[in-house]
Every structure is written in structure tokens, then in C-alpha cells.
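Each residue of the sequence shown is one higher than the one before, counting from -10 in this note's numbering. The C-beta atom is built at its ideal place from N, Cα and C for all residues, glycine as well. Report on the following structure.
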Amino acid sequence: MTIINRRLHCAMSLALSLSLVVCGILPSFHTMAFQSTPHPMTTNLPRNWIPPKTKTITTPIPHPPSQATTTTTIHGFFDEGDELIGQDKLKACIPYVLPLLDGDFFGSYIYDRIPPLKFFHELLLSPLVSIFDKIPFLGIILFIILSIGTRNTNGMSRMVRFNAQQAVLIDVVLIVPTWMASVMERAMAGDIPRVYDEAGSNFVYYALMSAVLYSVVSNLNGKKPDQIPYLSGAAEFMVGPF
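As C-alpha cells, this is what we get:
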């Protein structure tokens, strides 16, 4: 038994002993009080003596005036409404560009196998990826802006700040498969079988796009995208109560 368990056991034993002592003392005081009340001596009284009747006087107890009670419903510690209004719907979608650009290379095999998807990728996302790769430290700058620059900002809605923190966490999760791919390349001297490389890249890309699309669609519909396991809860605490 550890020290903490011993202390808990001693505290519980002490509390139980005190409760038993109190429960045993109170009845004894009660019986002693009844036994100490004087009784009239019946030896010196006549046989036909009848004890006088005692009158009990009851005084009304004033009751305080009834007051109206109000009930408050608490929906959550960080709850201020889970709906996005107006321009906040578009502002909440912008932070997800960062994980989309960082994890774009995971979809290289999917773009090769699906020509229409490759066409839209080269039309919309590929120019942004090229700019993102050419500017040094752009990813780190965006990461710092979204993670630190959106905390406790008075002019920004809390729902927008929540989406910024969630996008940062999605980008952080991408570090794990990137690191695993680099380790496998070093272990196999840069010769990873295409089957394993394609399967791993496709899995990461599907997970990334599922999280991003879910968040973007929810924001455009005015709903809070807080159903991503683990990441949504962590984003709530990163934003804070205000």
C-alpha cells in the first residue's frame, strides 16, 4: 500500500470513528435529559389525586415572504453559442489553408490516379503550394500567427479563434506521418516500396481532407466543427473561456 493510499485509509477510518462516536453520544445525552426531569413523589399524595392538566401555548412562526426563484441553465464551461453568423463563416474557414498546404504532398498518388482531381489541384491549390514553398519560413510564420496571434483577441469572434486553433492542431498532427516517412527513407536507403508509400500517403491525405472538409462545411452552415476526436477538445482549452 502506497503512502497516499495509507493516508486515505487513515482519513476514512478517522471520519468513520468520529461519526460513530457522535452517533453514540447524542442518544446518551437524550436519555440522560429525560431521566433527570423531576417526577412528583407519589408516596405523600392522596389516593384520588389527579395531576393537573397542562396547557400548551403555541405561537405562530412568521414565514418570510415568498420570493421568485430563477433557474440558470449552464450549457458548458466555454459555451457562448455554437453558431457562426455573417462574415465569421468565411473567416473561420481561412485557417484551414495551412494544414491543406502542408499536407498537399500526401495526395500526390491520388492526383495521379484521378485526372479530374489533378486538374482542379493544379488550377486552385498548386499555385498556392508553389508560393508557400518558395517563401522561406512562411509556414512557421503562419503557424505562429494562427496559434499565438488569435488568442484573447477582442476584435475576433471566439468561434473564429476556435477554428484557428483547430487548424493549427491538424497541422501539428501532420508532423507524425512526415517524421515516420523520413525514418523509413533512412532505414531503407531511400528505397521505400511504392505499395507501402502509396498506402500510407493516401491514408494521411484522406484523414486530412476529411477533417478539413468537415470543418469548412460546418462553418459555412453556421455550425461549430467540434466533433473531431481529441483535437476539438484541445482547441477549446487553447482558446480559453473568453
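Can Phe132 and Asp93 be called in contact, C-beta distance under 8 Å?
Cβ distance not < 8 Å, so Phe132 and Asp93 don't count as in contact.
Check Lys212 in the structure and name its three-state DSSP category.
Note: Lys212 maps to strand in three-state DSSP.
Between Lys213 and Thr139, what straight-line distance do the alpha-carbon atoms span, to the nearest angstrom?
Rounded to whole angstroms, Lys213 and Thr139 show a C-alpha spacing of 17 Å.
Using only CA atoms, which one of Gln216, Val172, Asp186, Leu113 lies nearest to Leu90?
Checked all of Gln216, Val172, Asp186, Leu113; the closest Cα to Leu90 is Leu113.
Put Phe18 into one of helix, strand or coil per three-state DSSP.
Model confidence at Phe18 stands at a pLDDT of 40, short of 50, so the residue's coordinates are unreliable and nothing is read from them.
Ile129 to Arg183 span [Cα, whole Å]:
Straight-line measurement puts the Cα of Arg183 at about 30 Å from the Cα of Ile129.
Taking 8 Å as the cut-off, decide whether the C-beta atoms of Ala153 and Leu135 are in contact.
For the pair Ala153 and Leu135, the CB atoms are nearer than the 8 Å cut-off.
My understanding is that Phe95 touches Val193, with C-beta atoms under 8 Å, so please give their C-beta distance in whole angstroms.
About 5 Å; that satisfies the 8 Å criterion.
Measure the CB-CB distance between Ala188 and Pro88 and report whether it falls below 8 Å.
Judged by beta-carbon spacing, Pro88 lies beyond the 8 Å limit of Ala188, meaning their Cβ atoms are not closer than that value.
Host alpha helix (DSSP H) of Gln76 (start-end)
Unbroken run through Gln76: none, as it is neither H nor E.
Using C-beta distances below 7 Å, list every residue in its chain close to Ser204, excluding the 5 sequence neighbours before and after it, in chain order.
Counting only Cβ-Cβ distances below 7 Å, and skipping sequence neighbours, we find Tyr85, Asn152, Gln155, Pro214.
Could you tell me whether the Cβ atoms of Met169 and Ile181 are closer together than 8 Å?
No.
Outcome for Glu72 when other beta-carbon atoms lying within 10 angstroms are tallied against a minimum of 16
Taking every protein chain shown into account, the CB of Glu72 has fewer than 16 other CB atoms within 10 angstroms, so this residue is exposed.
Could one say the Cβ of Trp168 lies closer than 8 Å to chain C's Cβ atoms, at least one of them?
Of the protein chains in the structure, only one exists, and it is not chain C.
Residues in the same chain with beta-carbon distance under 6 Å from Ser221, minus the five sequence neighbours each way, listed in chain order, please.
Answer for Ser221: Asp215, listed in chain order.
Can you name, in chain order, every residue of its own chain whose Cβ lies under 8 Å from the Cβ of Ser97, other than the five neighbours on each side?
Closer than 8 Å at the Cβ level, and outside the excluded window around Ser97, lie Ser190.
When the distance is taken between beta carbons, is Lys78 closer than 8 Å to Leu209?
In contact: Leu209 and Lys78 (Cβ atoms closer than 8 Å).
Using only CA atoms, which one of Glu225, Leu117, Ile124, Met148 lies nearest to Cys82?
The shortest C-alpha separation from Cys82 is found at Met148.
Excluding the five sequence neighbours on either side, which residues of its own chain have a C-beta within less than 7 Å of the C-beta of Ala224, listed in chain order?
Here the set comprises Phe151, Gln154, Gln155, Leu158.
Does DSSP put Met140 in a helix, a strand or coil?
Checking the sequence, you will find Arg at residue 140 rather than Met. Correct three-state label for Arg140: coil.
By how many angstroms is the C-alpha of Ala176 removed from the C-alpha of Val228?
When rounded, the distance between both Cα atoms is 40 Å.
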